[in-house]
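**Q** Numbering (our numbering), first residue to last: 467 to 992. Note that CB positions come from ideal geometry on N, CA and C, so glycine has one too. Computed from a predicted model, the values in this text were never measured in an experiment.
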Amino acid sequence: MLKSDMTGFSERFKDAQIGLKEILTVMDITLEDQPKEFAALSPYDVLEGLDDSIDRTVHGAKIERFRPRKGNQPFHTFEIHTEGGEVLGYLNMIYLRKPIPCYYLVYVEVLSPFRGRGLGQRILKAFGEFTEDKGSVGLLDNIIPPADPTYGIYTKLGWKPIEDLSGEGMVNGGGHYMVYVPVSIRAPDLREKLVKLLFRIKKKRPIIDMRDNEAMVKRTISEFRSVYEALERLFDIELSTGTSDPLMHFMFTKFVTKVLGFQRRIASLLGYTGGESLEQISISDRIKSLPIQPYSLWGSKEVQAEIWGEEKMVRTLPEELKKEPTKYIEDLPLYRRPYLSSWMDKEKEGRFLNLKIRDLLELTFDPTKLREFHHAGAEYIFERISPHFLSFIEKKRKMLPKIAEDVERMRLRDISVQINAPLAIFRDRGNVYILRKKVEGIHLDEALDQLRTSPHLKDMNRAMGIDRMAVMMINEVKSRLMRVFDSSLREEIEDLTFFISWDLQKNIPKIMVDVTGISMHTLWVA
C-alpha cells in the first residue's frame, strides 16, 4: 500500500470528528509498530500540520491536582490537561505522615505521542513545588537506568540517590530509590528518618503496587474503548457498506492483538482479581467478521528488503525469499504450537487461509506470527516481531555467542543446555522477521501454562512437579551465568528466553525419570 492509496486519510479523522488526542492514541495503538524509515509510506505522513498541532496543544496544557477519593481514586494525582480538558499525562502519589512528612511518587507518565516536549519535566517540577509548599520530602523508586537521558530530568530537578543522604550500606534490598528534599526541610536527624521512611515504604509496597495496578488497568481499558469507538467512526462507510479495506483490516487487527497482549499481561499483575475485565470492550459482530491483516502492507520500489545474519545461511536462502521476504514468509504454514494445535484439529484447514478477527479473539493470540520453514533438509521457524524490538534482538544476537561456550558446558542433572541464536534477520515493508532453528521444545511460558491448565497434564504435573523443576533449572542457568559474567551482562541474562523439551505431536513434556528425580532432556537458551 503506497501513499497514493491513503489519500484523504486526514479528512477521515475530520469527518469522524476525532480530536487530536484520539487521533494520536488510535495511531499509537494501531500503527506505532511502523518504523520511522517508513514514515513517508504510513498514514502519519498525510496528517499535515500534526507536529504544529501537538506543539500548540502542549503549549496550552495546564497541570491540575486532585485529592484521593474513596473507592475509585486512592492517590493524590497531578494531571496534565489540554485547554479542552483532555488528559495528556498524570502523576500518582501517596502521603505518609511518619517518620517524616513524605509524598511517595508511585507513577508518572506522559502519553507517548506527547513525550519529548517537556511535559514530563513540567509535571515533575510541579511535584517538587508541591512538596516544597507542604514541607514534605519526595521519594520514588526510579526504574529508569542512570544511562538513560530521561534519568537526567530527575537529577536536574534536585533528586538524589537516597544513599547520598542515608549513607552506603543503610539501604538494603532491591529498588533504586531517589529522594527530593526541599530547601524548607530542616531536620537534624534526616538521615535516620529517611532510613525508617524507606523501611516503611517497602512494607507498604505490595499494597501500593496493587492499587497502582488497579488504576492502570482501569485507565488502559478506558483507552482501549475510546480507540475502538474511534476506529468504528473512522471506517464507518466501509463497515456500513461492507467494503473491503486493507488499512481498516490492518488497524483493527493491530488493535485486537494489543488488547489480547494486555489481557495476558494483567493476568499476572499483583493484586489483579479480574474486577476490571476486558469484556467491557464490546466488539461487534461486524468487526469480528473482518479478515485479519496482521502484517504491514506498506512498501516502495525505492526501498529494498534488508537481510543480514550468518553469511552462509543467508547465501543459501531461496531467491524468492530474498527478493520478497514478506510475501514468501506470510505464505508459509503456521507453526503448530500447543496453543494452536487443538484449535487447528477441530477447524477446517481452509479456514486458515481466511482467518477472521473472531478467530484471534477465540485463540487469544495471533497464530500468524510463527511460520514453519523447511530448507536444505532442516527445519526452521520464522517469527514476525515488532520493529521496535529490532535493537533488542540485535543486542541479543551479539550477546548469545559470548555465553555459548559457558552455556553448552553446563550439565544440570544430565540436561543438555544449548544456544538457539537468530540465524538471519529480514526487514521488508515495515515488517521484521527472525529466522531460527526449529527445536523440539516450546517456550517456557507456554510450557508452564500447558502443565498447569491442560486436562491431560495437570494431574501429572501436580504429582511430579515438572513446572517447579523447569523453573528451578532455568534459575540455575541464570545464576551460573551471573557468576561467570558478574554484572557486565546482568540485564541481558535476565532477558534471556528459554525453551524446554516437548513432544509436539503428543503435547507432553520430554522428561527423564530416575531414582534421583525428574529432569528435562534439553533446555534451549534464545
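Rank 854, 545 and 670 by C-alpha distance to the C-alpha of residue 564 and give the top, closest one.
**A** Numbered from 1 along the sequence shown, position 98 holds the residue referred to as residue 564. Per the Cα distances, 670.
**Q** What whole-angstrom Cβ distance do residue 965 and residue 992 have, given they're in contact under 8 Å?
**A** For the purposes of this step, residue 965 is identified with residue 499 of the sequence shown, where counting begins at 1. For the purposes of this step, residue 992 is identified with residue 526 of the sequence shown, where counting begins at 1. Right, the Cβ-Cβ distance comes to about 6 Å (below 8 Å), so this counts as a contact.
**Q** How big is the Cα-Cα spacing for residue 518 and residue 584?
**A** Along the sequence shown, read from residue 1 onward, the residue named residue 518 stands at position 52. Along the sequence shown, read from residue 1 onward, the residue named residue 584 stands at position 118. Distance between the alpha carbons of residue 518 and residue 584: 15 Å.
**Q** Looking at C-alpha atoms only, which residue of 717, 780 and 859 is the closest neighbour of residue 961?
**A** For the purposes of this step, residue 961 is identified with residue 495 of the sequence shown, where counting begins at 1. Nearest option by C-alpha distance: 859.
**Q** Do residue 968 and residue 907 have their C-beta atoms within less than 8 Å of each other?
**A** The sequence position of residue 968 within the sequence shown is 502, counting from 1. The sequence position of residue 907 within the sequence shown is 441, counting from 1. Yes, they are a contact pair.
**Q** Whole angstroms are fine: how far does the CA of residue 849 sit from the CA of residue 986?
**A** The residue given as residue 986 occupies position 520 in the sequence shown. The residue given as residue 849 occupies position 383 in the sequence shown. If you take the alpha carbons of residue 986 and residue 849, they lie about 25 Å apart.
**Q** Give me whichever residues DSSP pairs with residue 908 in a beta bridge.
**A** Translated into the one-based positions of the sequence shown, residue 908 becomes position 442. DSSP, once it has assigned bridges, lists 966 as partnering residue 908.
**Q** Of all the options 644, 824, 612 and 780, which has the alpha carbon lying nearest to the alpha carbon of residue 624?
**A** In the sequence shown, residue 624 corresponds to position 158, counting from 1. Of the candidates 644, 824, 612 and 780, the one whose C-alpha sits nearest the C-alpha of residue 624 is 644.
**Q** Can you name the start and end residues of the alpha helix (DSSP H) that residue 929 belongs to?
**A** Numbered from its first residue, the sequence shown carries residue 929 at position 463. It spans 921 to 930 - the alpha helix (DSSP H) in which residue 929 sits, taken as one unbroken run.
**Q** Between the Cα of residue 851 and the Cα atoms of 948, 832, 578 and 554, which residue gives the shortest distance?
**A** Residue numbering aside, residue 851 sits at position 385 when the sequence shown is read from its first letter. The option with the nearest alpha carbon to residue 851 is 832.
**Q** If we ignore side chains and look at the alpha-carbon of each, how far apart do residue 723 and residue 873 end up?
**A** Sequence index remark: in the sequence shown, residue 723 carries index 257 (1-based). Sequence index remark: in the sequence shown, residue 873 carries index 407 (1-based). When rounded, the distance between both Cα atoms is 34 Å.
**Q** Please give the ranges of any alpha helix (DSSP H) in the segment 813 to 889, keeping only runs that are unbroken, at least 4 residues long and fully inside the region.
**A** Complete alpha helix (DSSP H) runs here, min 4: 823 to 829 and 856 to 875.
**Q** Between the beta-carbon of residue 784 and the beta-carbon of residue 715, is there less than 8 Å?
**A** The residue labelled residue 784 in the question sits at position 318 within the sequence shown. The residue labelled residue 715 in the question sits at position 249 within the sequence shown. No. Outside cutoff.
**Q** In whole angstroms, give me the CA-to-CA distance for residue 524 and residue 548.
**A** As a first step, residue 524 is located in the sequence shown; it is residue number 58 there, counting from the start. As a first step, residue 548 is located in the sequence shown; it is residue number 82 there, counting from the start. Near 7 Å, if we compare the C-alpha coordinates of residue 548 and residue 524.
**Q** Look at the alpha carbon of residue 918 and the alpha carbon of residue 746, and state the distance between them as a whole number of angstroms.
**A** Position 452 of the sequence shown, counting from 1, holds the residue named residue 918. Position 280 of the sequence shown, counting from 1, holds the residue named residue 746. One C-alpha to the other measures close to 27 Å.
**Q** Taking a contact to mean a Cβ-Cβ separation below 8 Å, would you say residue 580 touches residue 606 in this structure?
**A** Position 114 of the sequence shown, counted from the first residue, corresponds to residue 580. Position 140 of the sequence shown, counted from the first residue, corresponds to residue 606. Contact: no.
**Q** Residue 941 by DSSP, collapsed to three states: which one?
**A** By one-based count along the sequence shown, residue 941 stands at place 475. DSSP places residue 941 in helix when its eight states are reduced to three.
**Q** Counting only runs that start and end within the segment 609 to 689, where is the alpha helix (DSSP H) found for 4 or more residues in a row?
**A** For the segment 609 to 689, whole alpha helix (DSSP H) runs of length 4 or above, ordered along the chain, are 617 to 622 and 629 to 632.
**Q** Whole-angstrom Cβ separation of residue 619 and residue 586, contact assumed at under 8 Å?
**A** Working through the sequence shown from its first residue, we reach residue 619 at position 153. Working through the sequence shown from its first residue, we reach residue 586 at position 120. About 6 Å; that satisfies the 8 Å criterion.
**Q** Going by alpha carbons, who is nearest to residue 531 out of 495, 590 and 909?
**A** Within the sequence shown, the letter at position 65 stands for residue 531. Minimum Cα distance to residue 531 is reached at 590.
**Q** Terminal residues of the continuous beta strand (DSSP E) containing residue 548?
**A** In the sequence shown, residue 548 corresponds to position 82, counting from 1. Looking at the DSSP string, residue 548 is not in any beta strand (DSSP E), and its letter there is neither H nor E.
**Q** Residue 899 lies in the alpha helix (DSSP H); which residues open and close that run?
**A** Taking the sequence shown and counting its residues from 1, the one referred to as residue 899 is at position 433. Looking at the DSSP string, residue 899 is not in any alpha helix (DSSP H); the run it does join, the beta strand (DSSP E), is 897 to 903.
**Q** What three-state label does DSSP hand residue 539 in the structure shown?
**A** Start at 1 with the first residue of the sequence shown, and residue 539 comes out as number 73. Note: residue 539 maps to strand in three-state DSSP.
**Q** Do residue 916 and residue 804 have their C-beta atoms within less than 8 Å of each other?
**A** Residue numbering aside, residue 916 sits at position 450 when the sequence shown is read from its first letter. Residue numbering aside, residue 804 sits at position 338 when the sequence shown is read from its first letter. Going by C-beta atoms, residue 916 is nearer than 8 Å to residue 804.
**Q** If I measure Cβ to Cβ from residue 631 and keep anything under 8 Å in the same chain, skipping five residues before and after, which residues do I get?
**A** Counting from 1 along the sequence shown, the entry for residue 631 is found at position 165. Counting only Cβ-Cβ distances below 8 Å, and skipping sequence neighbours, we find 645, 647, 656, 657 and 660.
**Q** Under the three-state reduction of DSSP, which class applies to residue 804: helix, strand or coil?
**A** Stepping through the sequence shown from its first residue, residue 804 is reached at position 338. Reduced to three states, the DSSP call for residue 804 is helix.
**Q** Closer than 6 Å by C-beta to residue 558: which residues in its own chain qualify, once you throw out the five before and the five after it? Chain order, please.
**A** Taking the first residue of the sequence shown as position 1, residue 558 is located at position 92. The answer, listed in chain order, is 541, 543, 572 and 573.
**Q** If you check the beta carbons only, do residue 727 and residue 890 fall under 8 Å apart?
**A** Looking up residue 727 in the sequence shown gives position 261. Looking up residue 890 in the sequence shown gives position 424. Contact flag unset, no.
**Q** So, for residue 955: in the same chain, excluding its five sequence neighbours on each side, which residues have a beta-carbon less than 8 Å away from its beta-carbon?
**A** Counted from its first residue, the sequence shown places residue 955 at position 489. Here the set comprises 865, 868, 869 and 947.
**Q** For residue 999, which residues in the same chain have their Cβ closer than 8 Å to its Cβ, ignoring the five residues on either side in sequence?
**A** Residue 999 cannot be examined here, being either before or after the span of the chain that is shown, 467 to 992.
**Q** Residues in the same chain with beta-carbon distance under 8 Å from residue 963, minus the five sequence neighbours each way, listed in chain order, please.
**A** As a working note, residue 963 is residue 497 in the sequence shown. Excluding residues within five positions, the ones whose Cβ falls inside 8 Å are 909, 910, 991 and 992.
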